[in-house]
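Participant: Below: one structure in structure tokens.
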Amino acid sequence: MRIIDTSIPFLKYLVKRLLLMIPVIIIISLLIFFMIQNMPGNELNMFFNPEDPSLTELQKQMLTEYWTEKLGLNDPFFVKWGKWWLNMFQGDFGISITKQKPVADFVGEAIMNSFRLNISGFILAFLISIVVGVKSAVKRFSKFDNFWTVFSIIGISLPGFFMSILLVFAFSVNLGWTPISGMQDPMNETPAILYYILPVTVITLSSLASLIRYVRNAMLEVLKQDYIRTARSKGLKEKVVIYRHAFRNALIPVITLVGFYIPLLFGGSIVLERIFVWPGIGLLMNAAYTGRDRALMITMLIFYSFLTLLGNLFMDIGYALADPRVREGGER
209 MRIIDTSIPF LKYLVKRLLL MIPVIIIISL LIFFMIQNMP GNELNMFFNP
259 EDPSLTELQK QMLTEYWTEK LGLNDPFFVK WGKWWLNMFQ GDFGISITKQ
309 KPVADFVGEA IMNSFRLNIS GFILAFLISI VVGVKSAVKR FSKFDNFWTV
359 FSIIGISLPG FFMSILLVFA FSVNLGWTPI SGMQDPMNET PAILYYILPV
409 TVITLSSLAS LIRYVRNAML EVLKQDYIRT ARSKGLKEKV VIYRHAFRNA
459 LIPVITLVGF YIPLLFGGSI VLERIFVWPG IGLLMNAAYT GRDRALMITM
509 LIFYSFLTLL GNLFMDIGYA LADPRVREGG ER
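Here the sequence shown is numbered in the numbering used here, starting from 209 and rising by one per residue.
Below, the structure written as structure tokens:
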């Protein structure tokens, strides 16, 4: 059985989705660039203090001319926007005022720090939710189902920051089993995995609550269908009915949720990373906001927008892989 269909209708469907991303990202970048460029305040003041008494009038004038030219402050809006795209394709995302160095020098490391953290938690949550969600649907209203239903309600209702504080207080402050925050320090002999335990646990529990409910509801909806009753009436084993017929069709709406999580894998969490002082993209985004770092804000917002579009694309591809009607017809 082929996993990916390379038929002409499907390829047209995929190319159409890719082409639609281009005007969307252009419009989004225009809006983001316009908002950031029109923020209150003088951008020159971010790079030097014109009121500094140690500077002579000539030095102030030279600095003003230098940064005005370097930042292109006198250029028309669309010229600035065009230069930003041109520079971006060359790997130049501007200079961060909070880090005092090019954005490209440090943003990649922050993205990977967030990805390693989030992918660990998401894989654990997804695998557990598949097992628990399917079993809860099959054994509806059992003690097993009731327990995980209560767990899901509590998990969805409980804010992630509150869960983080509870875990830090219990396992770091009181028991001393894990480090309170940060990543592994080369000068510290603490195993690297201990720094991951608490944040990964928070991500897993937070994601698990909604994923279990989603998988359970999707399975329950499929189990009500006539073809499931027909499969059972033919004398097929219950495991065959559940996993070969029911689960495959229940997988389609679950794929939608997986696509939704793609931006979160790379995007990080501002609140979570602040609590655990994790040097990821969320902590970087917080620094950009508080420091009014325009170059970093534009880069991060464009990055988040692209991730969202990428998540939608993966959902479309996922639907095509899970539903033969999409592969054959090229439309959902």
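Glycine included, C-beta positions come from ideal geometry on N, C-alpha and C.
What's the C-alpha gap between residue 318 and residue 505?
Facilitator: Looking at the two C-alpha atoms, the distance is approximately 14 Å.
Participant: What three-state label does DSSP hand residue 304 in the structure shown?
Facilitator: strand
Participant: Is it true that the CB of residue 484 sits closer than 8 Å to the CB of residue 419?
Facilitator: no
Participant: Count Cβ pairs between the stretch 511-524 and the stretch 224-236 that sit closer than 8 Å; are there 3 or more?
Facilitator: yes
Participant: Residue 241 to residue 454, Cα distance in whole Å?
Facilitator: 47 Å
Participant: Measuring only the C-alpha atoms, how far is residue 538 from residue 371?
Facilitator: Caution applies to residue 538, whose pLDDT of 47 falls short of 50 and renders its modelled position unreliable; the value that the coordinates give is listed next. Cα-Cα distance, rounded: 44 Å.
Participant: How many Å lie between residue 238 and residue 289 at the Cα?
Facilitator: 7 Å
Participant: Closest by CA to residue 404, which one among 487, 232 and 351?
Facilitator: 487
Participant: Apply the 10 Å Cβ neighbour rule to residue 448 and answer buried if 16 or more other Cβ atoms are within range, or exposed otherwise.
Facilitator: exposed
Participant: Can you give me the start and stop residues for the alpha helix (DSSP H) that residue 368 sits inside?
Facilitator: Residues 368-375.
Participant: Measure the alpha-carbon distance for residue 368 versus residue 414 and round it to whole angstroms.
Facilitator: 7 Å
Participant: Are residue 513 and residue 234 close, meaning C-beta to C-beta below 8 Å?
Facilitator: no
Participant: Residue 331 lies in the alpha helix (DSSP H); which residues open and close that run?
Facilitator: 315-346 is the extent of the alpha helix (DSSP H) around residue 331.
Participant: Which complete alpha helix (DSSP H) runs does the stretch 411-484 hold, if anything under 4 residues is left out?
Facilitator: 434-441, 455-475 and 478-483
Participant: Hey, how far is the Cα of residue 499 from the Cα of residue 492?
Facilitator: Those two C-alpha atoms are separated by around 10 Å.
Participant: Going by other Cβ atoms of all chains shown within 10 Å of its Cβ, with 16 needed for buried, is residue 248 buried or exposed?
Facilitator: exposed
Participant: Using the Cβ count rule (16 or more neighbours within 10 Å means buried), how would you classify residue 360?
Facilitator: When all chains shown are included, residue 360 counts as buried.
Participant: Have a look at residue 416 and residue 337 and give me their C-alpha separation to the nearest angstrom.
Facilitator: 6 Å
Participant: Go ahead and label residue 299 buried or exposed: buried means 16 or more other beta carbons lie within 10 angstroms of its beta carbon, across all protein chains shown.
Facilitator: Exposed.
Participant: Kindly list the residues whose CB is nearer than 8 Å to the CB of residue 466, restricted to its own chain and excluding five residues on each side of it in sequence; keep chain order.
Facilitator: 334, 522, 523 and 526
Participant: So what does DSSP say about residue 387, is it helix, strand or coil?
Facilitator: coil
Participant: Taking the C-alpha atoms as reference points, what is the distance between residue 473 and residue 323?
Facilitator: 5 Å
Participant: Apply the 10 Å Cβ neighbour rule to residue 374 and answer buried if 16 or more other Cβ atoms are within range, or exposed otherwise.
Facilitator: With fewer than 16 other Cβ atoms within 10 Å, it is exposed.
Participant: How big is the Cα-Cα spacing for residue 542 and residue 386?
Facilitator: Because the chain is modelled from 209 through 540, residue 542 falls outside the range shown and cannot be assessed.
Participant: Among the residues of its own chain, which have a CB less than 8 Å from the CB of residue 312, if the five just before and after it don't count?
Facilitator: 299, 300 and 301
Participant: What is the residue span of the alpha helix (DSSP H) that residue 247 lies within?
Facilitator: No alpha helix (DSSP H) holds residue 247; DSSP gives it neither H nor E.
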